[in-house]
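Residue numbers (UniProt numbering): 1 to 206.
In this text, a Cβ means the ideal position worked out from N, Cα and C, and glycines have one as well.
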Amino acid sequence: MEFSSKLIEKAVNEMSQLPGIGKRTALRLVLHLLKQPKEQTGFLAEALMTMRADIKFCESCHNISDVAVCEICANTSRNHQTICVVEDIRDVMAIENTGQYKGIYHVLGGKISPIEGVGPSQLNITTLVEKVKLGGVNEIIFALSSTMEGDTTNFYIYKQIADVEIIISTIARGIAVGDELEYADEVTLGRSILHRVPFEKTFKNN
Ligand SMILES: [Zn+2]
1 MEFSSKLIEK
11 AVNEMSQLPG
21 IGKRTALRLV
31 LHLLKQPKEQ
41 TGFLAEALMT
51 MRADIKFCES
61 CHNISDVAVC
71 EICANTSRNH
81 QTICVVEDIR
91 DVMAIENTGQ
101 YKGIYHVLGG
111 KISPIEGVGP
121 SQLNITTLVE
131 KVKLGGVNEI
141 IFALSSTMEG
151 DTTNFYIYKQ
161 IADVEIIIST
171 IARGIAVGDE
181 LEYADEVTLG
191 RSILHRVPFE
201 KTFKNN
């Protein structure tokens with residue numbers, strides 16, 4: 001793509017770094033901004049800069065938060081003895097949207113994936129294991145997508161906490177294998193949390 005302006009080219013190149021945004025879309029967005037009042041671009045740039053600079057990760061569950069402890073962890077009316085283990089913040093949002101879950105979360109920040117070079121140490125696993133071993137947790141619910149990486153991650157965590165006396169369950173698989181949680185409809189996802197099954201059953205009977 002040839003540009004008559006280096007400034008446009010630079011903006012397009014930056015914009016096209018975003019997932020799902022090709023050069024053509026980036027150019028369309030940049031030209032759109034050019035047609036808007038200057039302040040509009042200022043608002044966008046400022047929102048992005050402040051978001052990046054000020055966003056925090058909850059020190060307890062690693063959920064994205066504006067303060068040190070996220071709203072969910074700080075909410076005393078939630079059940080702090082049940083922890084739902086998810087891959088990322090999009091899963092927290094999806095499960096929260098079902099309105100069916102009143103426990104708290106633990107955000108791993110990904111899944112174990114040897115192909116993508118993601119090992120257990122790059123994920124928030126240690127803090128989860130420590131939390132469970134400290135006591136006060138009754139149940140862990142695995143809610144990772146049922147891909148090979150999801151299963152590997154569940155099993156890795158399971159092995160670390162198998163000797164602790166707690167319930168370890170996994171969401172019911174109304175969700176088809178390989179489906180990402182965030183795409184599951186709210187009713188299905190809500191039901192799969194309510195009808196969760198003991199984790200051991202999912203691999204011991206196979
Ligand atoms: Zn939290």
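If distances are taken between C-alpha atoms only, which option among S16, G22, L27 and V187 comes closest to I8? L27
Contacts around V164, its chain only, beta-carbon distance under 7 Å, and the 5 residues preceding and following it disregarded: V132 and K133
With 16 other Cβ atoms within 10 Å as the buried cut-off, status of E39: exposed
From which residue to which residue does the alpha helix (DSSP H) around T126 run? T126 to L134
In three-state terms, what does DSSP make of C58? coil
Opening and closing residue of the beta strand (DSSP E) in which residue 208 lies: Residue 208 falls outside the range modelled here, since the chain spans only 1 to 206, and no answer is possible.
Listed by chain order, which residues have C-beta atoms less than 5 Å from any heavy atom of ligand 1? C58, S60, C61, N63, C70 and C73
Closest by CA to L128, which one among E59, L34 and E46? E59
Helix, strand or coil for E186, going by three-state DSSP, please let me know. helix
Compute the Euclidean distance between the alpha carbons of G103 and V30, then round it to the nearest angstrom. 43 Å
Could you name the residues of the same chain whose beta carbon sits closer than 6 Å to that of I167, not counting the 5 residues immediately before and after it, in chain order? E139
Considering only the beta carbon of each residue, do residue 210 and N124 sit closer than 8 Å? Nothing about residue 210 can be reported from this structure: the residues present for the chain run from 1 to 206 only.
Could you tell me the alpha carbon to alpha carbon distance between F43 and Q17, rounded to whole angstroms? 20 Å
According to the neighbour-count rule (16 or more other Cβ atoms, all chains shown, within 10 Å of its Cβ), is K111 buried or exposed? buried
DSSP-derived helix/strand/coil call for I8: helix
Residue span of the alpha helix (DSSP H) that contains G150, given as start and end: M148 to I161
Leaving out five residues on either side along the sequence, give the residues of the same chain with a beta carbon under 6 Å from the beta carbon of F3. E9
On the premise that V85 lies in contact with A143, defined as a C-beta separation below 8 Å, what is that separation, rounded to the nearest angstrom? 6 Å
Pop quiz: I79 and C70 are said to be a contact at Cβ under 8 Å. What is the actual Cβ separation, rounded to whole angstroms? Residue identity differs from the one stated: residue 79 is Asn in this sequence, not Ile. Actually they are not in contact, since the Cβ atoms of N79 and C70 sit about 15 Å apart, beyond 8 Å.
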